[in-house]
Structures are given as C-alpha cells and as structure tokens.
Amino acid sequence: MPRTRCQVLVPAALLLFLVADAAGAAIFEKNGFKITGDFRARAEADFDSHRASGIPRDDRTRIRVRARVGLDYAATDVFSFGLRLRSGSDDSHQSPHITVIDFDDNDTGDADFNFDKWFLKAKGEKAWGWVGRNSLPLWKQNEMFWDDDVIPAGLALGYKTSIRDDSSFAVNAGYFSLPVGMQEFSGNLAAAQLVYAGKGFTAAVGLLDIDANPGDADATRLLRGNGLRDYSIWVGSLQGKVGKWTLGADFMHNAESYSPTVANFDQTDGLVLSVKYGGLSNKGDWLAAVYWAEIEALAVSSSYAQDDWVRWGSATETRASDMEGGELRFAYALEKNVNLVARLYLVDAITTGEDGSRFRLDFNYKF
1 MPRTRCQVLV PAALLLFLVA DAAGAAIFEK NGFKITGDFR ARAEADFDSH
51 RASGIPRDDR TRIRVRARVG LDYAATDVFS FGLRLRSGSD DSHQSPHITV
101 IDFDDNDTGD ADFNFDKWFL KAKGEKAWGW VGRNSLPLWK QNEMFWDDDV
151 IPAGLALGYK TSIRDDSSFA VNAGYFSLPV GMQEFSGNLA AAQLVYAGKG
201 FTAAVGLLDI DANPGDADAT RLLRGNGLRD YSIWVGSLQG KVGKWTLGAD
251 FMHNAESYSP TVANFDQTDG LVLSVKYGGL SNKGDWLAAV YWAEIEALAV
301 SSSYAQDDWV RWGSATETRA SDMEGGELRF AYALEKNVNL VARLYLVDAI
351 TTGEDGSRFR LDFNYKF
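Take 1 as the starting number for the sequence shown in this note's numbering and just add one per residue.
So this is what it looks like as structure tokens:
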C-alpha cells in the first residue's frame, strides 16, 4: 500500500525528537560518532502573481515542513564518513520541503525521504578531499547560482594555505554527476574556484562547466531544456564586513555560445547585490538584510539555482532565472539554535509579463 503523509511524517518527527532528546536538545557525540539535524516549519503565501501570458495565478497559502538528520563518523584524525537523510519529494532535487496544509485545496505533493549525502572524506592540515555525494565545495554567500539543497555526486578536492596571519588562499575543485530528482542523475559538472580571504574581505572567482547528456531520457525532465544544453558559468564574488555590516556582490556570466535559434540565447549575465546588518549567533541576536538580483534567462542553470524567490515552474522544480527583483529579510534568534526568519520577495520577469510576490515565515530548529 502507498504511504500516507502521516505514516511518513510521524516516524520522521519521532526520530528527530528522540535524537534531540538523546543529545540534550543539542548534539549527540561519542566515540567519533556525531548526530546532527534540523527541523523547519514554514508558513508561505504567494500573491499578485501572473503567468508569462499576463493571466493572473490564483493566490496560494500553505504550511510546509523540512526535516533532516545527519550522521558523521570520524574513523581517524584524517578519515571520516558522512550520511544525511532528508525529506522532500523523490522528484525534487531542489527542495526538501513537504507541504502538510494547503489552505487553497491544491495538491500537497509527495512526502518522501531520501539520503542526499553519503561520502568518505579525508582531511589534512591544508588539503582535503571527498568522494560520494556531498554539498558543492565552492564558497558562496547566497544560493543565486547554486542551491544549497542540490547535492551532486562525484569527487572533490581542496587546498587552503595562510598568506599572512590574517589572510588565506584556497583552491576548490571537483567533478560531479548532476541530480535529476533525488534518485537519478544526468549530465556532468566540472567546477573550480579560487578564494582569497583577508581581514573583513573575501574575493572568489570560479567556473561551473556543465556538460549535458541530451541522449539521456532523464535529461528531458529538467525545465527550460536545461538537461539538453551545456553551460560555462563564470562567477565572481566579493564580500566585505565592517562591524555588524556585511556587503556582498556576485556577477555571473555564461560563456557558452548558443545558436540564435535558442530562446534568449544572448541573455547570459546575472548580478546580485546585498546588504546585511547583524547576525544570529546568540539568543536575542537579530539580522536585517536587503537583496537585489537581476538574473537573465541563461545566466545560470535554473534547474540547480535557488528556488526561493518565485513560484514559477513545476511542483518539483523552480525556474528562477529571467528575473529581476528584491528580497527583504528579518530574522531573530529565540535561542542559539532556534530562530525565526521572515522574508518578502517582489519579482518580475525580464522578458515576459510573468511576476509574483511571496512572503515566508520560517521557524528553524537545529541540533
């Protein structure tokens, strides 16, 4: 018989609370084993949204949850093993969220669980490497060119060395298979990045080279034809910190040459600017931030970029490119490991009449 939502969510919730209880509502760590996890409850409202044709979409309000549990085992000072279980639809590599209540009687989608991380890692004094499935090993200050929830499988290597007492230089690289949903892969990614970090300043430049496999049936499942085309995305990032202020800028350029017959073939640039004040390190801390972004249609592969700003796309994949707009964010730390985050997104498409507004309120608990 198929699993009901309660049959899936209740065991997951019990597992989370049992682990949290064993960890003293913090972390369980013994004999090299460490268990971590997090839980999110989200209220989300989409409103004032139009399709590319200009036809209005119905407003939508829903409650969503996310649950993740991770296990790390340090076998030696050099070698470790990691594993993580996450919620979310089998068909969605972008989002681990499950809709539990839709106040407008829309389909709530699937409630599945998958292992999104499984890797063996080696770490020395300056170098590190891992093989398996793990987070993309590039430094970034937002998810505009790569969503944190998109976890590729492959091999990654890195090296970091100090230049002076207050600065460092790092090289990050890897070669990966790209996910289509949580259980299939199609196409490959070669990624490399150089990072300089000084006192209150970080600069990075990197390349994400996506080699599509158009002969693979799974490639056709990605929106915008992303599984059928190559990308060569250069990303430059700057971040400066002064006191409690953090200023950020990212520039993206897809250097791949497309035929003029490809829709938006010359729309290949992206820019993101951000200003943040404060942080969430301790109880009572707060954070306020403003983001502005202009991401042209082919500046990034929208199948692997952030899925927060818009509802455009399908139930399992967001196509968050060909867009410009902003995010207003306010967050407050109820405890060191518990916070509330409110975000308002106001977005318009660049080349069509599509637009949308979205408000989210997240309750986040981490142990």
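Cβ coordinates follow ideal geometry from the N, Cα and C atoms, glycine included.
Every value quoted in this text rests on a predicted model; they were computed, and no experiment measured them.
For the options Ala45, Val78 and Ala67, the alpha carbon positioned closest to that of isoleucine 98 is the one of Ala67. Just measuring C-alpha positions, the residue of Trp309, Asn337 and Thr316 sitting nearest valine 347 is Trp309. Note on isoleucine 151: 16 or more other CB atoms within 10 angstroms of its CB, so buried under the neighbour-count rule. Annotation for lysine 160: the continuous beta strand (DSSP E) segment containing it runs 153–164. With respect to glutamate 44, arginine 64 sits close: the two C-beta atoms are nearer than 9 Å. Here leucine 228 is not near glycine 313, since their CB atoms are 9 Å or more apart. For phenylalanine 265 and serine 80, the gap between their C-alpha atoms comes out near 44 Å. Leaving aside the five residues that flank arginine 358 on each side, the residues in its chain whose CB is nearer than 6 Å to its CB run, in chain order, Asp46 and Tyr345. For leucine 136, the secondary structure class from DSSP, reduced to helix, strand or coil, is coil. In this structure, the alpha-carbon of tyrosine 196 lies about 6 Å from that of threonine 202.
With respect to the 9 Å criterion, serine 274 and glycine 248 are classified as neighbours on the basis of their beta carbons. The beta carbon of aspartate 48 sits closer than 6 Å to those of Ser357, all from its chain and outside the five residues before and after it, given in chain order.
Here DSSP, grouped into helix, strand and coil, assigns asparagine 226 to helix. Histidine 50 is bridged by DSSP to Pro56 and Asp355. DSSP, reduced to helix, strand and coil, places alanine 204 within a strand of the structure shown.
With a cutoff of 9 Å on beta-carbon distance, phenylalanine 367 and aspartate 38 are scored as near each other.
For glycine 198, the enclosing beta strand (DSSP E) has its first and last residue at 184–198. Residue pairing by DSSP places serine 177 opposite Ala153 and Asn188 in a beta bridge. Between glycine 70 and isoleucine 35, the CB-CB gap stays under 9 Å. For methionine 144, there is no enclosing beta strand (DSSP E), as DSSP gives it neither H nor E. Contact fails between the segment 120–137 and the segment 95–112, because fewer than three Cβ pairs, one in each stretch, are under 8 Å apart. The criterion of a C-beta distance shorter than 9 Å is satisfied by glycine 270 and valine 300.
Counting the other CB atoms within 10 Å of its CB gives arginine 84 a total of 16 or more, which places it among the buried residues. Residue nearest to serine 232 within the set Ser257, Lys160 and Gly187 is Ser257 (criterion: CA-CA distance). Taking C-beta atoms under 8 Å as the contact rule, glycine 198 and serine 167 qualify, at a distance of about 4 Å.
Partner residues in the beta bridge of aspartate 348, as assigned by DSSP, are Glu324 and Asp355. Its chain contains Arg57 and Glu354 as the residues whose beta carbon lies nearer than 7 Å to that of arginine 51, once the 5 sequence neighbours on both sides are disregarded; these appear in chain order. Residue Ser237 holds the alpha-carbon nearest to the alpha-carbon of methionine 252 among Ser237, Ala212 and Tyr332.
In this structure valine 272 is in contact with alanine 293, their Cβ atoms being roughly 5 Å apart against a cut-off of 8 Å.
C-alpha of tryptophan 130 to C-alpha of glycine 154: approximately 8 Å in a straight line. Secondary structure at aspartate 218: helix, using DSSP grouped into helix, strand and coil.
Taking every protein chain shown into account, the CB of alanine 75 has fewer than 16 other CB atoms within 10 angstroms, so this residue is exposed.
Taking a contact as a CB-CB distance under 8 Å, the pair asparagine 188 and aspartate 211 counts as one, their CB atoms being some 5 Å apart. Leucine 334 is a Cβ neighbour of lysine 283, given a cutoff of 9 Å.
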